[in-house]
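Note sheet for the following structure.
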């Protein structure tokens with residue numbers, strides 16, 4: 116069922132995002148909260164893995180090699 120402004124009246128839709136937001140489709144606030152928390156944990160996990168990988172790369176790679184590696188990643192050489 117498509118959401119229209121008149122169909123959402125009185126349901127607190129004004130405080131939520133637009134109807135094309137996938138998190139507006141949940142019927143229960145608990146389900147919506149769980150989906151948002153899951154999404155945020157997934158984002159934080161990905162960032163932690165990325166930062167940990169970069170730190171490990173920086174610690175275990177010699178300085179001269181690091182400069183060459185960064186230059187290759189940037190496409191300079």
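Residue numbers (our numbering): 116 to 192.
Ideal Cβ placement from N, Cα and C applies to all residues, glycine included.
Distance between residue 138 and residue 157 (C-alpha atoms, nearest Å): Pairing residue 157 with residue 138, the inter-Cα distance amounts to about 16 Å.
Would you say residue 184 and residue 176 are within 8 Å of each other, going by their C-beta atoms? Yes, these two residues count as a Cβ contact at 8 Å.
Hey, quick one: how far does the alpha helix (DSSP H) through residue 146 stretch, first residue to last? 144 to 175
Rounding to the nearest angstrom, what Cα-Cα distance links residue 146 and residue 161 in this structure? 23 Å
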